[in-house]
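Written below as structure tokens is the structure these notes are about.
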Amino acid sequence: MRTVYNTLVRPPAESLDALREVLLPEYSPSCLVSDAHPEVGAIGGFLSVKREHRVIGPALTIDLPEDGLVDILPVLPTARPGDVIVLACYGNTRMAMWGGVMATLARMAGIAGVVVDGAVRDVDELRDLDFPIWYRATAPRRCPPTAPDADRPVQVNVPVRIGDEIIRPGDIVVAEENGVGVIPPPLAGEVVAETRRLLAKEGVIRDKINNGAGLAELLAEFGHL
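Here the sequence shown stands for residues 10 to 234, where the numbers follow this note's numbering.
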């Protein structure tokens, strides 16, 4: 099977740093970015090997044929440290697209994490490796190295559909136990500013609750919670 590689334009490092500074110390980063801007994608329904895992990084997307899951090992050298690999498997859980060997290689290469819209295996090893990964299911069977009957090639760094969202190469992925947020890079500054505002508002609301404020009072002051 052929693999077609396309150029990945990564977001500015300062955008990633600002998002990490604001989001990583807080509860539920993917929820925060979803609340911060209506054009931020939000995808739920993932499992993770450790609930404390959370990553923010540019998406390196891989679009796999629905009729031919294949080993994506040859794609790994195209990733840079800090990238988040996004595998579009269309929810196919017949075979595992990721396992312990690939996680070991990815960890050594500095890849921040992986989002798999499909199955993985070696979950016990992934947990011991402490490698962040989000996935739909587990499957013992590995995918074959080639799939000659597939109708189209593997596409690297193209827009992919995960659930109801489109993830484009270079989009900023915010992944943690609640789900996956997807920030278009031009919106990063707005998301940072609005997240700070939301966190400040939530801090005030919590203080009022702790001081005895009831629901009616809070709704009258803030409109919604």
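Glycine included, each C-beta is placed from N, C-alpha and C at the ideal position. Everything numeric in this text was worked out from a predicted model, so none of it was measured.
4 or more residues per run - each alpha helix (DSSP H) lying fully within the stretch 70 to 137 = 109 to 117
State the Cα-Cα distance for the pair Leu82 and Met111, rounded to the nearest angstrom.
-> 7 Å
Beta-carbon separation of Thr147 and Val123 under 8 Å?
-> no
Presumed contact (8 Å Cβ cut-off) between Ala97 and Arg170, rounded CB distance | 6 Å
Using DSSP bridges, identify the partner residues of Glu174.
-> Ile171
Taking the CB atoms as reference points, tell me whether Pro67 and Pro20 lie closer together than 8 Å.
-> yes
Going by alpha carbons, who is nearest to Ala27 out of Ala197, Phe231, Phe140, Gly108?
-> Ala197
Counted within 10 angstroms of its Cβ, other Cβ atoms place Asp72 as buried (16 or more) or exposed = Residue environment for Asp72: buried (at least 16 other C-beta atoms within 10 angstroms of its C-beta).
Which residues in the same chain as Pro90 place their Cβ atom closer than 6 Å to its Cβ, once the five residues preceding and following it in sequence are excluded?
-> Gly119
Give the secondary structure of Glu211 by DSSP, where H, G and I count as helix, E and B as strand, and everything else as coil.
-> It is helical.
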